[in-house]
Each structure stands twice: as structure tokens, then as C-alpha cells.
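Residue numbers (the numbering used here), protein chains in the order written: chain A, 1021 to 1355; chain B, 21 to 303. Okay, structure first, notes after.
Given below as C-alpha cells:
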């Protein structure tokens, strides 16, 4: 089945959607699509069929998000922990992924028409090579689309993602691009797999479980969390509206908390810069304490040079990541 | 047309907020058992969860001593044993303005009485963190009130945020209380990252050596914080508000409408909810 489910909202759904759109709408929604296997058991189907239904529901949900003007969606498709499942189930899931990414390539014109950009986030080198190559093709093919964004977390856990970001910063230090003292919350965020996306405004988990299961732990620290008991393959437009309403009810207080956190972050950066500058002046100085004006100028210069270093490092990181996909793609093409 | 939708939206939100306020008002009234028949009927319609009719509820917060205290302690301990599983670390997350120290102290004491060995308290403004000693005093006072104990018998260890106590055994026999703030969240992760990058800068290790378990050990040991199995969130805000991002990967989140005048039943309900949840851990 297709990635794009064509269809229109019925009258009632259209009215509901217009009412919701009168209020603040999330620009990025994340889904933990839980409940495929329980759905399969409930309907006496094979597990694999449950996962297929789950994928169909994903396509339908993407259409609803588009119709609600939600431009970005992130989904938890396959966790690194899921490798612990039976070989049969893991192979089934990887095969489903192969099917879907191949289908994606077939539909590339349709995806371009709708402006859909697909990104895959995770430790992709844990996957079989042929799947990595398919993913690389899919990502590169839709790279220039920019109307809506679908981020698929595959072979992903948040802890691996954060650790990878730390490793990348350490690599930057090794390459002499940045200093260890440049490490900050903002820089870490830029090194995550999700660095091209704003943080999710809303995180929805279906099937009644009330945990995050190692999904976007860093990015959702100030997101609205909605836990719904419906099983993923049974998710409806009204369930989505309910979740968006929760977001709207919480919007002001979460915004306040986010702003508070941003202020604290800025203060911490300033403190860190000051400490570095004080260190520098001490080394350069002649024993006399520097006057306030000199300190201020030094601080200004230091911040600017730090920013420049960081930008160069991020460019290099971007290049490294693009090369990863290009190499896979050219391997696939030449094979 | 846009104006009409705008009005409808405002109406919808107002209705939801009224419903929420009504539900918490009714909950408070029913707890005091002074509600009229009409209030009970409306409550039954709006509150699908069964309401306990334990008449001891109101008395749970009143001071006791002697054998009365012993029997109450025994009851709470039995309650803990009756659960299928009890969390080792419970996080109390207050997502409300102007937190009440007495109510939080009560919650901490109840947690410990039921058998939870590690309790952390968090609010995203860092109010508890800034008034750490006040909270400690309040906990000691409530221990006296609720459990009828003097300080020495039921020792509580207050972990400070000094950060230098790496030799502490985290799962100690004495119940432990930890006060957390947003600094223990992302900021701690950044500090650990900076430390690792410094060691790379000093050629003490290579970037390829950095692993998940390395970072995990650093984050758990530096401030003696284990992963909470359960976080009880108080207040209407549906967000973790910066609470320990690294540590909450498998944490169950249970919401309680408010921490003000919270009852033992509210807490026990959350523990029961935790007791029946099934963690498949990816499988």
C-alpha cells in the first residue's frame, strides 16, 4: 500500500479541523505507533498483518496532518531494542521496511507533487546493507522536497542518538574544529539526528502505555505528552483532534516553561563564555586585573569566534552525513 | 467564517477547562464526604474511576503516636507488599505554581512507609532545590506526625547535590530523598559531554571510545541518580518540563490532578497503576 492515502475530510471532520485551526496548532507532531501486535491478536490476524495495518494507518495519519496544516511528523518505526524480538518477527519487519522504501521510490513523482521530504533517523549501520542503500536512495530522492517532512526513526533509541551527538562533538575536538569548552546544550541539539527539525510540539503514544521507551527524550523535554489508549491501527481522525486539543489546553503553560528554560540556557552560555574569557585574560595579562571595558570587549570577541568555530564544525558534520548517504547510494547504483 | 470558528474554539476550550475545574472540585468535596446527593451523581458521571470509600482517608493526614502509629505504619507496609511490583525510585514531579511543602513532605513520607527506597522531588522552577533545607525540615516534621517517629528510628538520607559523593551505594538500606531541578537534566548531560570532550582534547581517549554505557555510568554516578521506574506528575500540565531526560527512557508516567491536599489514596492509586503495567522492553 501507498505512502500517500488520497482522500478528503468529510463535512464534520472539516468543521472540526477549522475549529481547531482557530487556535495554536502544533508544527511538529511525534507518534509512538504502539499496538500493532495487540490489534493483530484482537482481530485474529498474523502479527505481520498487524504491522501492515499499522503502516496503512501511518499513511492515513500523514494525510490528516497535512489537512490540518501540520508540516512535520516524526514516527518511531523500529527501536534498537526491537532487535531482541524473534528472528522471524525482526526479519518480517525489515522486509516490510524494504517493501515500503521500494514503494516510496516508485512513488517519487507523487511525493514530489505533494512536496514530501523523508528523513530516516537512527544508527543505520545496524541494518542490513541492502536496506541501508534503499534508505539512502529514498532520503536523497526526496531531499529537495520542502512542503512537509516525515522523519522515520529506524534502528533508533534516544540514548544512542545523544551518545552519537557527544561522539560527533568529540570528533570535532579531535579534528581541531571546536574546543571542549564549546560544548553546550545548543551544540548538542545541533548534533542529534533530528537537527534539521524543530523540537516536537506534541508527542502522542497509542495503546495505553504511559512511557517514552527511549524516544526523543532530549527533544521532547518541553513537549505536550498525550497518552491515548486506542491501538495504533485503530487510530482515528477524532483521536488526533483530541490530542491536538490537549496541546492547545497546555500551550500557554508549556510555552512559559520553554521560555524559562531558554533564558536559563542563555545565562549558562554567558557564564561559560565569561569563564573562558577570564581564563584567557589571566594567561595573556600582566598580573593586573582587566577593567570592565576590556573584559566586555574580550567577551564579545570570544563569543563571535566561538560561533564561527561552531558553524564551521556543523558544516563539516553536515558534509560527513551527506557523504554517508552519497556513498551508500553510489554503491547501490554501481552494484 | 474565521470569526465563527474562532468563537467556537474559544467556547470548546472554555468548556473543557470548566469540566476540569468541576472534576477537581467534586473530587475534593467527595473526599470530605460532605457532598450532597446531586454532587455525588454528577461526580459519578464525570469521574469514571471508582472512588474509594475508605473512611480513614481524612484521618490519614492527622498526627498520631504510640500504637496507633504502629498500626498505621504496618498497614502502609502491608499495602506496599500487596502490590505486584514496587518501584525502587519514585519521582514526584510538581507541575503547578507555588508548590506546597507540607503536601510534598506527606507524599515523601507515604512513599517511604510503603517501601519505596528512593524518592526524588522535582519542579521546573527549581523551588524545592532552592529551599532544600525547608523541605528537609518539613519531611522530618511529617515523619513525626504521620509515623509517630523521632528522627533517628526511620533514617532518611538526604542526598545533596554536591556531586562529589561517588562512593555512595545508591540502593542503600536507608530510604533516600533527592531534590532535583532542571540543572540535573540536560545541563548534566552537557557537563558529562564536556568532560568527555576534555579528555579527548587531552588525548586521554578517542572519540570512538565514547559509548552509551560510558555516558550512562557518568550520569548515574556523578549525582547518584538512578532511573526512576515511576514518575507521579501533579498538576494539569502534560509535559516532563525538563525532568531528567536521560533517565526517563522506561519510566511510567502517572498523572494526579493536583498535589494540594493530596491523599494517600491518590499516591497508592499511582503505585497500583505502576504495579500492573507490563514492560516488554522492545520485545
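Beta carbons: idealized from backbone N, C-alpha and C, even for Gly. Source: prediction; values computed, not measured.
Item                                                                                                                                                                         : Value
Work out the CA separation of residue 1183(A) and residue 1092(A) for me, nearest whole Å.                                                                                   : 25 Å
Give me the Cα-Cα distance between residue 120(B) and residue 160(B), rounded to the nearest whole angstrom.                                                                 : 15 Å
Distance, Cα to Cα, residue 1132(A) vs residue 1122(A)?                                                                                                                      : 16 Å
Could you check the C-alpha separation between residue 267(B) and residue 48(B) for me, to the nearest Å?                                                                    : 33 Å
Spell out the partners DSSP gives residue 200(B) in its beta bridges.                                                                                                        : 142(B)
Cα-Cα, which of 1048(A), 1073(A) and 1023(A) is closest to residue 1252(A)?                                                                                                  : 1073(A)
Please list, in chain order, the chain A residues whose beta carbon lies closer than 9 Å to that of residue 137(B).                                                          : Within 9 Å Cβ-Cβ: nothing; residue 137(B) doesn't reach chain A, min ~21 Å.
Output yes or no for whether 8 Å exceeds the beta carbon distance between residue 1222(A) and residue 1046(A).                                                               : yes
Which bits of chain A does residue 227(B) rub up against, with CB to CB less than 7 Å?                                                                                       : 1187, 1190, 1191 and 1194
Below 7 Å CB to CB, which residues in the same chain sit around residue 278(B) once its five sequence neighbours on both sides are set aside?                                : 44, 116, 254 and 255
Applying the 10 Å Cβ sphere with the 16-neighbour rule, what's the burial state of residue 38(B)?                                                                            : exposed
For residue 1292(A), I'd like the list of residues in its chain whose CB is within less than 8 Å of its CB, leaving aside the five on either flank, ordered along the chain. : 1201 and 1204
Along the segment 268-299 of chain B, what residues have a CB closer than 9 Å to any CB found in chain A?                                                                    : 268, 269, 270, 271, 272, 273, 274, 275, 293, 297, 298 and 299
What does the alpha-carbon distance come out to for the pair residue 1109(A) and residue 29(B)?                                                                              : 45 Å
Give me the chain A residues within the contact set of residue 242(B), using Cβ-Cβ distance strictly less than 9 Å, ordered along the chain.                                 : Per Cβ cutoff of 9 Å: no residues; residue 242(B) is ~15 Å from chain A at best.
Can you tell me whether residue 1228(A) is helix, strand or coil according to DSSP?                                                                                          : coil
Check each residue of the segment 1257-1278 of chain A: if its Cβ is closer than 8 Å to any Cβ of chain B, include it; give the result in chain order.                       : 1265, 1266, 1268, 1269, 1270, 1273, 1274 and 1277
Excluding the 5 residues flanking residue 1078(A) on each side, which residues of the same chain have their C-beta closer than 7 Å to its C-beta?                            : 1053 and 1095
Have a look at residue 93(B) and residue 281(B) and give me their C-alpha separation to the nearest angstrom.                                                                : 20 Å
Locate the alpha helix (DSSP H) running through residue 154(B), then write down its first and last residues.                                                                 : 152-167
Express the C-alpha separation of residue 1271(A) and residue 40(B) in angstroms, rounding to a whole number.                                                                : 16 Å
Going by the beta-carbon positions, is the gap between residue 1216(A) and residue 1341(A) smaller than 8 Å?                                                                 : no
Residue range of the beta strand (DSSP E) that residue 1137(A) falls in?                                                                                                     : 1136-1141
I'd like the list of long-range same chain contacts for residue 1087(A), defined as Cβ closer than 7 Å, with 5 residues on each side in sequence excluded.                   : 1029 and 1037
If you follow the beta strand (DSSP E) that residue 1037(A) is part of, which residue opens it and which one closes it?                                                      : Where residue 1037(A) is concerned, there is no enclosing beta strand (DSSP E), although the alpha helix (DSSP H) it sits in stretches over 1031-1041.
Is the Cβ-Cβ distance between residue 147(B) and residue 139(B) less than 8 Å?                                                                                               : no
Taking Cβ-Cβ distances shorter than 7 Å, what residues in chain A pair up with residue 265(B)?                                                                               : 1237, 1238 and 1241
In chain A, which residues lie with their C-beta within 7 Å of the C-beta of residue 303(B)?                                                                                 : 1104 and 1105
Can you tell me which residues form a DSSP beta bridge with residue 1244(A)?                                                                                                 : 1222(A)
Cβ of residue 207(B) less than 8 Å from any chain A Cβ?                                                                                                                      : yes
Scan the segment 193-204 of chain B for residues whose Cβ lies nearer than 9 Å to a Cβ of chain A and list them as they occur along the chain.                               : 202 and 203
Report buried or exposed for residue 118(B), applying the criterion of at least 16 other Cβ atoms within 10 angstroms of its Cβ.                                             : exposed
Could you give the DSSP three-state label for residue 1330(A): helix, strand or coil?                                                                                        : helix
Does the beta carbon of residue 1043(A) come closer than 8 Å to any beta carbon on chain B?                                                                                  : yes
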